[in-house]
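Below is one structure, written out as structure tokens; comments come after it.
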Amino acid sequence: MRVEVEGEDITPEEVSEKFGWRVAGEKTQEQESKLCLTPLNGGPAAAGHRRPQRKNFKSKLLKAARIPELPRQDIKIVMRPRGGLNLGEVSRFEISRTIIAAANVSGEEVTQDVICPNKQQNIVVISTPNRENADRYWAVRNLTISGSAHDLSAYENAPHGTINGVSRGVPMTDTIQEINDYIFQDYNPTALQANRIGKTATGVMAFDGDKVPNYIRYGNLLVECSLYRKQIDMCYLCGRLGYRMNVCPNPEDKICRGCGMRNPEESHVCTNPKCSLCGGNHLTADKECKARFKTPYVVRKRRWERQQREEVLQQ
45 MRVEVEGEDI
55 TPEEVSEKFG
65 WRVAGEKTQE
75 QESKLCLTPL
85 NGGPAAAGHR
95 RPQRKNFKSK
105 LLKAARIPEL
115 PRQDIKIVMR
125 PRGGLNLGEV
135 SRFEISRTII
145 AAANVSGEEV
155 TQDVICPNKQ
165 QNIVVISTPN
175 RENADRYWAV
185 RNLTISGSAH
195 DLSAYENAPH
205 GTINGVSRGV
215 PMTDTIQEIN
225 DYIFQDYNPT
235 ALQANRIGKT
245 ATGVMAFDGD
255 KVPNYIRYGN
265 LLVECSLYRK
275 QIDMCYLCGR
285 LGYRMNVCPN
295 PEDKICRGCG
305 MRNPEESHVC
315 TNPKCSLCGG
325 NHLTADKECK
335 ARFKTPYVVR
345 KRRWERQQRE
355 EVLQQ
């Protein structure tokens, strides 16, 4: 398995918005596991305020982005609100009941479903063992909160027990169906599903297990494949960490990513930027920032296993 320390510089989870990882989920439906993903809200940096220590700041940011353990075999639907809806200002009960009503699920159909608003990332994660319910949640395209209608997008998350890899240079003329046709063959036995990253030439593939092959067959061609590494969510609209631009709850309340100044003028030039993640002399989560990448679970797991083996040998 290849692990690139710098990671793949791609936007996290921007895959097929229509279905997400539904196919991969259906192929691994019989497998068991637990998704440890817990909510909280990270506060914005303010001009003149002392920023926290970089390592602790990043750790707190990642911790706040997790949600409670959910049944590993369940289907996970992720909802992303649009139009400046701030989930941190809405009651969890109102969010839950509004989603259930919009999806038209009720009674015994919904007793095993779990709705988890994540106020840090400004998203909602729904866990359900029922495929019909999952399709209904996925089909919701707007919510009426406190009398105001808000658009949203929804997609199915990759199932537990899988790992994602990326390959560059996928022809832009190839459709999603053609990409999957080229990859699903006997030479790629662990491949479950493939998508394109947004409108780029980078493809992302879900593989069964915890290993990404160094190469995959794309039709009759061998192409390189490497471990997919997510980036810490950064909103380039308001300048805050913790959520992405397409779910920004503060589009009118901006801060400078370099100095933390609130609502800077368009002509503002940050002459002495300081990254909140690594302390480097660049804008927060800039492309040259190595701290913007999350360490994949499989890498953390293998480091822990290696440490355990070394401790046993030293005894």
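The numbering of the sequence shown is our numbering, which starts it at 45 and goes up by one. From the three backbone atoms N, C-alpha and C, an ideal C-beta is built for every residue, glycine too. Remember, predicted model here, so these are calculated numbers, not experimental data.
Query: Cβ shell of Cys-80 (< 6 Å), same chain only, five flanking positions each side left out; Result: Only weak support is given to the placement of Cys-80: the predicted model assigns it a pLDDT of 37, under 50, and the question is left unresolved by the model.
Query: Assigned secondary structure, Ala-145 (DSSP; H/G/I helix, E/B strand, else coil); Result: helix
Query: Proximity winner among Gly-127, Arg-141, Arg-66, Val-158, relative to Ile-111 (alpha-carbon distances); Result: Val-158
Query: Check whether Asp-277 and Gly-205 have beta carbons under 9 Å apart; Result: no
Query: Length-filtered (3 minimum) beta strand (DSSP E) runs lying within the stretch 150-220; Result: 158-162, 167-172, 186-189, 192-200, 206-211
Query: Cβ separation of Asn-162 and Ala-109, assumed to be a contact under 8 Å, to the nearest whole Å; Result: 7 Å
Query: N- and C-terminal bounds of the alpha helix (DSSP H) containing Lys-345; Result: 341-358
Query: Proximity to Tyr-287 [Cα-Cα], best of Trp-348, Pro-125, Ser-211; Result: Pro-125
Query: Residues of its chain near Asn-294, where Cβ-Cβ distance is below 6 Å and the 5 sequence neighbours each way are ignored; Result: Cys-282
Query: Inter-residue CB distance, Ala-235 and Ile-241 (contact presumed, cutoff 8 Å); Result: Not quite, the Cβ-Cβ distance comes to about 16 Å (not below 8 Å), so this is no contact.
Query: Spatially closest choice to Asn-174 from Gly-209, Asn-201, Ile-119, by CA coordinates; Result: Ile-119
Query: Assigned secondary structure, Ala-108 (DSSP; H/G/I helix, E/B strand, else coil); Result: helix
Query: Straight-line Cα distance separating Thr-217 from Gln-237; Result: 18 Å
Query: Gln-237 - containing beta strand (DSSP E), residue span; Result: 235-240
Query: Any C-beta of chain B under 9 Å from that of Glu-296; Result: Protein chain content of the structure displayed is limited to a single chain, and chain B is not contained in it.
Query: Contact set for Arg-301: own chain, Cβ-Cβ below 7 Å, skip 5 residues either direction; Result: Gly-283, Leu-327, Thr-328
Query: Pair within 9 Å by beta-carbon distance, Asn-316 and Val-256; Result: no
Query: Gly-247, enclosing beta strand (DSSP E) - first and last residue; Result: 247-252
Query: Cβ neighbour criterion (16 or more within 10 Å) applied to Lys-334; Result: exposed
Query: Lys-120, enclosing beta strand (DSSP E) - first and last residue; Result: 119-125
Query: Between the CA atoms of Gln-358 and Gln-352 - distance to the nearest angstrom; Result: 10 Å
Query: Whole-angstrom C-beta distance between Lys-102 and Leu-321, which should lie under 8 Å; Result: 6 Å
Query: DSSP beta-bridge partners of Ile-299; Result: Arg-306
Query: Stretch pair the stretch 163-183 + the stretch 219-226: three plus CB contacts closer than 8 Å; Result: no
Query: Residues near Asn-130 by beta carbon distance below 6 Å, same chain, minus five either side; Result: Pro-293
Query: Arg-141 classed as buried or exposed, judged by whether at least 16 other C-beta atoms fall within 10 angstroms; Result: exposed
Query: Simplified DSSP state of Tyr-226, which is helix, strand or coil; Result: helix
Query: CB of Met-123 within 9 Å of CB of Val-169, strictly; Result: yes
Query: Glu-40 in three-state terms, based on DSSP; Result: The displayed coordinates of the chain run from 45 to 359. Any statement about residue 40 would go beyond what the structure contains.
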